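Trainee:
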Amino acid sequence: MTQTSRLFVAITLPETHQAIVGKSIGPLHQTIPRNLVRWVPEQNLHLTLKFLGDTAESRIPKIQEALEDAVRSFQPFNTMIGRVGCFPNSKKPRVLWLSLDQQAQELQRLQKEVEYALGHLGFPHEKRPFSPHLTIGRVKRHVQQAQLAAIGDAVARSDIVNVANWQCDTVHLMKSRLSPQGAMYTSLSEHRLRTSN
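Numbering (my numbering), first residue to last: -5 to 191.
Put into structure tokens, the structure is as follows:
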């Protein structure tokens, strides 16, 4: 039987920034009732570049090679963790996020390069346009329309802005394991963006 792992490609948030983000979104935690949103633990905050899903573990070395090739032409760059928002919209919020407001074009270029490299290995291309963000919470399924509107209103009224400057310098191949306590993430490999000579 083929051994599989649930994989994704991401840029992870340093511990210092995890704490900053956690503190900045604290008021939202207090405003939105706990039983309505499943908040992402600080240590799990990341920017997803590509979700691979359940993947045969025998494919991991080729994926790592492809990622090494994909990041080769990039140098580290800074982005700003900015405002709070929600997908798909504030009337029916399902995902709460923080925007990444600076160097969005560089993030998009990096994501396209990762997408292209993994496409050569047979992974399907993502049809939705890439929107750089950090997911901070997911609205639970049972939430009623009036409660959804209240969550959207809390997000719209939030004064969270320009949370922190963040240097993106490493792409990770991540493994996700689902447990009763939630998702647990492990980095399988690091692929560093080149520093200029």
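By construction, the Cβ of each residue, glycine as well, lies at the ideal position given by its N, Cα and C atoms.
Please read all numbers here as calculations on a predicted model, not as lab measurements.
Can you tell me where the alpha helix (DSSP H) with LYS17 in it begins and where it stops?
Mentor: Stepping through the sequence shown from its first residue, residue 17 is reached at position 23. Unbroken alpha helix (DSSP H) run through LYS17: 9 to 18.
Trainee: Report buried or exposed for HIS172, applying the criterion of at least 16 other Cβ atoms within 10 angstroms of its Cβ.
Mentor: Against the sequence shown, residue 172 aligns to sequence position 178. Inspection of the sequence shows that residue 172 is occupied by Leu rather than by His. Exposed is the call here.
Trainee: Is PRO27 buried or exposed, if buried means 16 or more other CB atoms sit within 10 Å of its CB?
Mentor: Along the sequence shown, one-based indexing puts residue 27 at 33. When all chains shown are included, PRO27 counts as exposed.
Trainee: Pop quiz: LYS85 and GLY146 are said to be a contact at Cβ under 8 Å. What is the actual Cβ separation, rounded to whole angstroms?
Mentor: The residue labelled residue 85 in the question sits at position 91 within the sequence shown. The residue labelled residue 146 in the question sits at position 152 within the sequence shown. Sure, about 6 Å apart at Cβ, within 8 Å.
Trainee: Would you please state the rounded distance, in angstroms, between the beta carbons of GLU51 and GLN(-3)? I believe it to be under 8 Å.
Mentor: Start at 1 with the first residue of the sequence shown, and residue 51 comes out as number 57. Start at 1 with the first residue of the sequence shown, and residue -3 comes out as number 3. At roughly 5 Å, the Cβ-Cβ gap stays under 8 Å, so GLU51 and GLN(-3) are in contact.
Trainee: Can you tell me whether MET168 is buried or exposed? The criterion is at least 16 other CB atoms within 10 Å of its CB, across all chains shown.
Mentor: Taking the first residue of the sequence shown as 1, we reach residue 168 at position 174. Answer is buried; the Cβ neighbour count reaches 16.
Trainee: Measure the CB-CB distance between GLY90 and VAL133 and report whether it falls below 9 Å.
Mentor: By 1-based counting over the sequence shown, the position of residue 90 is 96. By 1-based counting over the sequence shown, the position of residue 133 is 139. Strictly speaking, residue 90 in this sequence is Leu, with Gly absent from that position. Result yes, Cβ atoms of LEU90 and VAL133 sit closer than 9 Å.
Trainee: In this structure, does DSSP put ILE26 in helix, strand or coil?
Mentor: Here residue 26 refers to the residue found at position 32 when the sequence shown is read from its first residue. Of the three classes helix, strand and coil, the one that applies to ILE26 here is coil, per DSSP.
Trainee: Could you check the C-alpha separation between ALA111 and PHE117 for me, to the nearest Å?
Mentor: Here residue 111 refers to the residue found at position 117 when the sequence shown is read from its first residue. Here residue 117 refers to the residue found at position 123 when the sequence shown is read from its first residue. Cα to Cα, ALA111 sits roughly 9 Å from PHE117.
Trainee: Can you check whether the CB of GLU120 is closer than 9 Å to the CB of PHE68?
Mentor: To locate residue 68, count along the sequence shown from 1; it is residue 74. To locate residue 120, count along the sequence shown from 1; it is residue 126. Going by C-beta atoms, PHE68 is not nearer than 9 Å to GLU120.
Trainee: Would you mind sorting GLU107 into buried or exposed? The rule is 16 or more other CB atoms within 10 Å of its CB.
Mentor: Against the sequence shown, residue 107 aligns to sequence position 113. Buried, because 16 or more other Cβ atoms sit within 10 Å of the Cβ of GLU107.
Trainee: Restricting to Cα atoms, I'd like to know which of GLY76, PRO123 and PRO70 is closest to VAL155.
Mentor: Counting from 1 along the sequence shown, the entry for residue 155 is found at position 161. When only C-alpha atoms are compared, the closest one is GLY76.
Trainee: CB-CB under 8 Å to ASN191, same chain, minus the five flanking residues each way: which ones, in chain order?
Mentor: Locating residue 191 in the sequence shown gives position 197, where the first residue counts as 1. The predicted position of ASN191 is uncertain, since its pLDDT is 48 and thus under 50; no value can be drawn from it.
Trainee: Quick check on the DSSP output: what are the complete beta strand (DSSP E) runs of length 3 or more inside the segment 128 to 182, in order along the chain?
Mentor: Runs of the beta strand (DSSP E) inside the segment 128 to 182: 158 to 162 and 164 to 173.
Trainee: Check VAL34 in the structure and name its three-state DSSP category.
Mentor: Here residue 34 is taken as the residue at index 40 of the sequence shown, counted from 1. Here VAL34 sits in coil by DSSP.
Trainee: CB GLN37 to CB GLU9, shorter than 9 Å?
Mentor: Position 43 of the sequence shown, counted from the first residue, corresponds to residue 37. Position 15 of the sequence shown, counted from the first residue, corresponds to residue 9. Yes, they are a contact pair.
Trainee: Mind checking which residues open and close the beta strand (DSSP E) that includes ARG77?
Mentor: Locating residue 77 in the sequence shown gives position 83, counting from the first residue. Where ARG77 is concerned, the enclosing beta strand (DSSP E) stretches over 71 to 81.
Trainee: Please state whether DSSP places GLY192 in a helix, a strand or coil.
Mentor: No answer is possible for residue 192: the residues shown for the chain start at -5 and end at 191.
Trainee: Who pairs with ALA64 in a beta bridge, going by DSSP?
Mentor: Along the sequence shown, read from residue 1 onward, the residue named residue 64 stands at position 70. Paired residue(s): none; ALA64 is not in a bridge.
Trainee: When we look at the beta-carbon of SER18 and count the other beta-carbons within 10 Å, is it buried (16 or more) or exposed?
Mentor: Along the sequence shown, read from residue 1 onward, the residue named residue 18 stands at position 24. It counts as buried.
Trainee: In terms of residues, what are the limits of the beta strand (DSSP E) holding PHE2?
Mentor: For this step, residue 2 is matched to residue 8 along the sequence shown. Segment -2 to 6, the beta strand (DSSP E) holding PHE2.
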